[in-house]
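A.B. asks:
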């Protein structure tokens, strides 16, 4: 057997149309062909032959690897193996073949292994056998097979609607070679936006981002992170410069720069704005961060939507090295600043059940509010107030924390005890309801002038008498989730429990958000136990099999939550795998993402007034770990939405530690308007109402006017996602 790979180095990336392989018909024609293939999203409407075979026995090219209209791959045997009576059937993409039952994804890398034996063909997808076909009844005589001439394989040319794509690491291997070894040896890379690090953006139910832009005095920063991963989900450390640009979402054309005006997309360095095209960002450990502003409004461009494109021009124009944001509607500040028509009232102590357990949903009047809570930093001349907040305001009284001796690490009851301590420590006066929409409403940010005044005022604060500096407090108040997690990782290495408690109180006071306190108070234990669990699972290795990791992950979940009668089921573990971003193997970066989401969830379930809700299985008040899309699908039936008032409880998958909403409970329900709404359960307020009314949380939920009946999650609704 002889083979010739594409002209470029086989470790590089080449167009599918440049693929050319010559195979000798020796050894009964047995061989293994392995490669990675990327079919761009532009190929979604295309079906046809991906790799064609040319043989002297046939006048026309016939399929070798075929993509049908259902986007499923089919592998045909080499023509020199088959009896002549079957040639016409193969020419029509019919006859004996190995057809996969799973859809071939578009816009992402897929590993394909084509194994051809003396009497079978076997198709591998992403390291697993997808299909095989016995050819015993379809073969030529052995003597005829040996005398056959060369077989040549060609990639699709992409012309006349035929599929287009790219290939990577094309290898022709002996028959006894392992396809899985090729799968994990040299995976290709792709550039992606890290959705967990997107901040200062409001996202609507239709997935469109709303960003405040326009003139310099009004526009606001928004943050994006891009990550370079291989096809197995591992971070790749490669020197690349990433450039951000603004395009129209409908056709990908660049947004024009008006005459004598600023560039449509700007980035800030040391307080100075530059056109984003002039300031690329270098990848560091496989990640690059962007703080951007948009100077062009959608209203001045025929109300068209924009999108941010992130790519590496010096590396070459490859679709897998291009990342795109959601569609963006750039609006002026005046459009987003509206007077609320809702009257906010302080809960009356004499009528504790008059107020709602739930925060108000995503009404347009509230979209100006700030989810994450921005700082109001005290100065010597008064304080600088931030925009209206959605959060519970904290009074100026000092936090009284009773610090108990830390219990032995790893014991099951330690988490329930720590949960109660943190819950007691978080009691504070409330000045109004809270509004915490999950992903539909993200943070807004301070303008440059506001940020500068806040930065200047931070250095005028008085010292708090501990080793956590004023600058650290200032950075935490104004930082995003990534910056806050890095600060907490540093602070917990040297600060005492009392210093961390004081730090949590100051952050809660200046951000106007009591929920920050929970995340800060759990930081030391979360990080310590996370490192312990990873070390236990990996035993010094760089990666861990997902199938092995789930056993330890479930054990830790049960230990932290204190659940004794209910563990994690298959759908829960699948959601955790998606959150981690791993596939067959998990590296520490994947584990950290999973742990920082799961730990706050388990922490919430350990609370004495929440635990019965999860432990109840008839009916299931909390069906399990669900995404927003899965919950919405569960509320739909063949005739449309279920009855008004049907609801499901879930945890927000877009909120990970140390985001203040990490571990919170979301109620997804069908409203009276027969639309699906998402509202956050105010856990502190729920507890106070339960204590005053001596009623269970289940009773209080059903007492809500919008919540009438508990919904069910079925396997059919999950598969619909």
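Numbering (the working numbering), first residue to last: 833 to 1553. Ideal Cβ placement from N, Cα and C applies to all residues, glycine included. Nothing here was measured: the structure is a model prediction, and the numbers come from that model.
1) Does DSSP put residue 1364 in a helix, a strand or coil?
2) If you reduce the DSSP assignment to three classes, tell me which class residue 895 lands in.
3) Please return the same chain residues whose Cβ sits closer than 6 Å to the Cβ of residue 1193, not counting the five positions on each side in sequence.
4) What does the alpha-carbon distance come out to for the pair residue 937 and residue 1053?
5) Could you give the DSSP three-state label for residue 1472: helix, strand or coil?
6) Taking its Cβ as the centre, do 16 or more other Cβ atoms sit within 10 Å of residue 934, making it buried, or is it exposed?
7) Can you find the residues in the same chain that come closer than 6 Å, C-beta to C-beta, to residue 1095, ignoring five residues on each side of it along the sequence?
8) Check the DSSP bridge columns for residue 1511 and list the partner residues they point to.
9) Taking the alpha helix (DSSP H) that residue 956 falls in, what are its first and last residues?
10) How would you call residue 1299, buried or exposed, if buried means at least 16 neighbouring beta carbons within 10 angstroms?
11) Assign residue 1039 to one of three DSSP states: helix, strand, or coil.
12) Count the other C-beta atoms from every protein chain shown that fall within 10 angstroms of the C-beta of residue 1450, then say buried if there are 16 or more, exposed otherwise.
13) For residue 1428, which residues of its own chain have a beta-carbon under 6 Å away from its beta-carbon, when the five flanking residues on both sides are left out?
14) Would you report the Cα separation of residue 1305 and residue 1544, rounded to the nearest angstrom?
15) Need the endpoints of the alpha helix (DSSP H) that residue 1309 sits in, please.
16) On a CA-only basis, which of 908, 882, 995, 1116 is nearest residue 967? Give me that one, please.
17) Nearest CA to the CA of residue 1128: which residue from 1165, 1005, 1059, 1319?
18) Which same chain residues end up closer than 8 Å to residue 904 when comparing Cβ atoms and leaving out the 5 residues on each side of it in sequence?
19) Short of 8 Å in beta carbon distance, which residues of its chain neighbour residue 1039, apart from the five on each side in sequence? Order them along the chain.
20) Report, in whole angstroms, the separation of the C-beta atoms of residue 1445 and residue 1483, which I expect to be a contact under 8 Å.
21) Quick one: what does DSSP say residue 1444 is sitting in, helix, strand or coil?
22) According to DSSP, is residue 1464 helix, strand or coil?
23) So what does residue 987 bridge to, in DSSP terms?
24) Is the beta carbon of residue 1386 closer than 7 Å to that of residue 1399?
25) State the DSSP-derived secondary structure class of residue 861, mapped to helix, strand or coil.
26) Would you give the residue range spanned by the beta strand (DSSP E) that residue 1074 belongs to?
27) Taking DSSP as the reference, what is the three-state secondary structure of residue 1120?
28) In chain order, what residues of the same chain have a beta carbon less than 7 Å from the beta carbon of residue 886, not counting five sequence neighbours either side?
29) Can you tell me which residues form a DSSP beta bridge with residue 965?
30) Can you tell me whether residue 1336 is helix, strand or coil according to DSSP?
31) Please return the same chain residues whose Cβ sits closer than 6 Å to the Cβ of residue 1046, not counting the five positions on each side in sequence.
32) Under 7 Å, do residue 959 and residue 869 count as touching if we go by C-beta distance?
C.D. replies: The short version:
1) helix
2) strand
3) Interpretation of residue 1193 is limited by its pLDDT of 44, a score under 50 that renders its predicted location unreliable; the figure taken from the coordinates is listed afterwards. 1509, 1511, listed in sequence order.
4) 34 Å
5) strand
6) exposed
7) 1089, 1107
8) 1499
9) Taken as a continuous stretch (DSSP letters only), residue 956 belongs to no alpha helix (DSSP H), being part of the beta strand (DSSP E) at 952-957.
10) exposed
11) coil
12) exposed
13) 1488, 1489
14) 44 Å
15) 1302-1310
16) 908
17) 1165
18) 931, 932, 933, 934, 935, 936
19) 1158, 1159
20) Between residue 1483 and residue 1445 the Cβ distance is about 12 Å, and since that is not below 8 Å, they are no contact.
21) helix
22) helix
23) 883
24) yes
25) helix
26) 1073-1080
27) strand
28) 893, 984, 986
29) 953
30) helix
31) 1129, 1164
32) no
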